[in-house]
Amino acid sequence: TGRLGYATPAPRAHVPNPYILSHSAMMLRGVARAAARHSLQARLAAAPQQFRCLSAFKDAYDAHVAERAAQGVVPESLKADQVTELVELLKAPPAGEETFVKELLESRIPPGVDEAAYVKAAFLADVAKGSTTSPLVTADEAVKLLGTMQGGYNVAPLIDALDDAALAPTAVEALCNTLLIFDAFYDVEAKAKAGNEHAKTVIQSWADAEWFTSKPDVPDKVTVTVFKVTGETNTDDLSPAQDAWSRPDIPLHAQAMLKMARDGIVPDDDGMVGPITKIRELQETGFPLAYVGDVVGTGSSRKSATNSILWFFGDDIPYVPNKRGGGVCIGGKIAPIFYNTMEDSGALPIEM
C-alpha cells in the first residue's frame with residue numbers, strides 16, 4: 001500500500017506511446033471501462049456509503065497534509081489510485097465538499113504522462129464526450145482542464161474535440177498553447193488538410209509561435225532581494241547526492257539545499273535542512289528573491305539543482321503541483337549547461 005493507505009498500482013509491462021492518437025485512445029478507453037465499473041458500483045451503493053468513502057479519502061488526505069506540514073513541505077501530488085477515488089467523488093460529490101474535490105482535480109494532479117494524469121485525462125475526455133457527467137465539470141470546462149495538462153494523455157481528446165462544433169474553440173485555445181505534441185502533430189495536420197478550420201487555426205498558431213508571443217513582456221526593471229552565497233555553489237550543494245532518493249519530490253528534496261554550514265549560510269539543521277528560516281525571512285521583504293553566487297552550477301545534477309533553487313526562488317505554475325518556474329539566478333560565473341537548464345525551466349540566469 002502507498003503512504004496514504006491506498007493500494008499502489010502494479011507496474012505496467014508496457015505502456016503505449018500516448019502521443020500516437022490510436023494508442024492514446026486505446027489507453028483512455030481502457031481507463032474509461034474501469035471507471036465505468038467503478039461508477040456502476042457507486043450507483044449501487046447507498047448514499048451513506050458515498051459519505052463514508054469521502055470521509056475515508058479525506059481523513060487519509062488530511063493526515064498526509066498534516067504529516068507533510070510537520071516537515072515544512074506541501075502535500076505530495078495525488079497518485080493514480082487516489083485520482084480513481086476522486087473521480088467517483090466528482091461524479092456524485094457529497095454536499096459541502098464540492099470545492100474540496102474540484103480543487104484536487106484542478107491543482108493536485110501532475111500533468112504529462114504520470115499514471116495519475118492518465119486517470120484524470122480519461123475522466124475529462126469522458127465528460128467532454130458526454131459518456132460520463134459531473135455536476136462540477138461541464139464539457140467545456142473538461143476541455144479547458146485538458147488544456148492545462150501540458151502534453152501526453154490529454155493530447156488525443158483535445159484533437160478529438162476539434163471535430164465538435166461546441167467544444168472546438170476551447171480545444172483550439174488549449175492546443176495552441178500545448179507544445180509537447182510530438183507525432184500527434186500529424187493528426188492535427190491531417191484534419192487541417194481535410195478541411196477542418198479549427199485544425200488549420202491550430203497549425204497557424206504553432207507556426208506563428210503564439211504560445212510564446214502571447215506571454216507577458218519581460219519588465220524593464222525588476223527589484224529583487226539578494227540571497228548571497230559566497231564562493232562556488234556546485235549542484236551537490238543544491239541537490240545533495242545522499243538525498244537523491246527524494247529528487248522526484250521537489251518540495252521535500254529542496255529542504256536539503258545548502259544543508260552544510262558555510263560562510264554566511266546557517267542551516268536550520270546542519271547536515272539535514274538548509275537555511276529555510278533565513279529564506280522565509282527574506283521573502284517577507286515583499287520582493288522576489290534572487291539566488292546570487294560567485295560561481296554557480298558546476299557539477300552534474302543540474303536539473304534537480306535547478307528544481308531546488310526554483311522551489312524557493314521561483315513562482316507557482318498554474319494547475320501544476322509541487323513544481324515552480326521563473327526566478328532569478330545571478331552569478332559571476334554560471335556553468336554553461338546549468339545556465340541552459342535554468343533557462344529551460346523558465347528562470348532568468350544572469351552572468352555578471
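Numbered by UniProt numbering, the letters in the sequence shown go through residues 1 to 352 in order. Even for Gly, the Cβ is constructed at its ideal location relative to N, Cα and C. Since the model is a prediction, treat every value here as computed from it, not as a measurement.
DSSP-derived helix/strand/coil call for residue i
i	result
ALA165	coil
GLU85	helix
PHE212	helix
PRO157	helix
LEU310	helix
LEU40	Because LEU40 carries a pLDDT of 44, less than 50, the predicted location of this residue cannot be relied on, and no value is offered for it.
VAL119	helix
PHE182	helix
ARG247	coil
TYR291	strand
LYS79	coil
PRO349	strand
VAL273	strand
ARG108	coil
ASN340	helix
VAL202	helix
ASP263	coil
GLY332	strand
LYS228	strand
Reference residue i, options the options, closest by Cα
i	options	result
LYS129	GLU115, LEU162, GLU97	LEU162
GLU343	LEU90, ASN322, PRO318, GLY314	GLY314
GLU85	VAL73, ALA95, TYR61	TYR61
VAL172	ASP183, LYS144, TYR153, ALA190	LYS144
TRP311	PHE100, PRO336, SER345	SER345
VAL83	ALA95, GLY96, LEU54, PRO248	LEU54
ALA261	ALA254, TYR118, ASP270	ASP270
ASP140	GLU115, ALA174, ARG108	ALA174
VAL113	ILE181, VAL137, LYS303	ILE181
THR178	ALA168, PHE212, ASP164	PHE212
ILE109	THR138, ILE317, VAL328	ILE317
LYS215	LEU105, PRO94, LEU289, CYS176	CYS176
GLY72	VAL328, HIS253, ASN307	HIS253
PRO93	LEU136, ASN196, GLU106	LEU136
C-alpha gap between residue i and residue j, whole angstroms
i	j	result
ALA166	GLU67	44 Å
ALA80	LYS221	43 Å
GLU98	LEU90	8 Å
ALA194	ALA244	50 Å
residue 374	ILE330	Because the chain in this structure spans residues 1 to 352, residue 374 falls outside the shown range and cannot be described.
ILE309	ALA207	33 Å
GLU281	VAL224	14 Å
HIS198	LYS323	32 Å
GLY286	LYS102	31 Å
PHE123	THR132	8 Å
ASP217	ALA347	14 Å
GLY332	THR233	11 Å
GLU284	LEU258	20 Å
THR341	GLY96	44 Å
SER77	GLY325	17 Å
LYS58	VAL65	10 Å
ALA209	ALA70	44 Å
LYS191	GLU115	29 Å
TYR6	THR170	Note that TYR6 scores 37 on pLDDT, short of 50, meaning its location in the model is unreliable; the coordinates nonetheless yield the value given after this. One C-alpha to the other measures close to 35 Å.
PRO288	VAL87	37 Å
SER246	ILE279	21 Å
ALA63	VAL119	23 Å
ASP164	PRO336	47 Å
PHE100	ASN307	28 Å
ALA36	ASN196	For ALA36, the pLDDT reaches just 48, beneath the cut-off of 50, and the residue's location in the model is therefore unreliable, although a value from the coordinates is still provided. When rounded, the distance between both Cα atoms is 32 Å.
ASP249	THR138	32 Å
Contacts around residue i, its chain only, beta-carbon distance under 6 Å, and the 5 residues preceding and following it disregarded
i	result
ILE334	VAL296, GLY297, PRO349, GLU351
ALA305	THR235, LEU238, SER239
ALA46	Its pLDDT being 43, under 50, ALA46 is placed unreliably in this model, and the value from its coordinates should be taken loosely. So the list is empty, once near-sequence residues are dropped.
ALA256	PRO240, ASP243
PHE338	GLY297, ARG302
GLY327	LEU310, PHE313, GLY314, ALA347
Same chain, Cβ closer than 7 Å to residue i, five either side skipped, listed in chain order
i	result
ALA121	LEU28, LEU146, MET149, TYR153, ASN154, PRO157
ILE159	LEU21, ALA184, ASP187, VAL188
SER134	LEU90, LYS91, VAL127
VAL74	ARG68, PRO251, ASN322
ALA142	LEU124, VAL127, ALA128
GLU106	LEU145, TYR319
Cβ neighbours of residue i in the same chain (closer than 8 Å, five flanking residues each side left out)
i	result
PRO111	ALA117, THR148, MET149, GLN150, GLY151, GLY152, ASN154, TYR319, VAL320
PRO219	none
LEU168	The sequence as given places Ala at residue 168; Leu does not occur at that position. Answer for ALA168: ALA161, LEU162, HIS198, listed in chain order.
Margin query: Pairs of beta-carbons, one from the stretch 288–307 and one from the stretch 259–274, closer than 8 Å: are there three or more?
Written below: Judged by pairs of C-beta atoms under 8 Å, the stretch 288–307 does not touch the stretch 259–274, as fewer than three such pairs exist.
Would you say the stretch 218–235 touches the stretch 276–295, given that touching needs at least three Cβ pairs under 8 Å?
Contact holds: three or more Cβ-Cβ distances are below 8 Å.
Practice task
Say whether the stretch 251–270 touches the stretch 198–205, bearing in mind that this needs 3 or more beta-carbon pairs closer than 8 Å, one atom from each stretch.
Solution key: Counting Cβ pairs under 8 Å, fewer than three are found: no touch.
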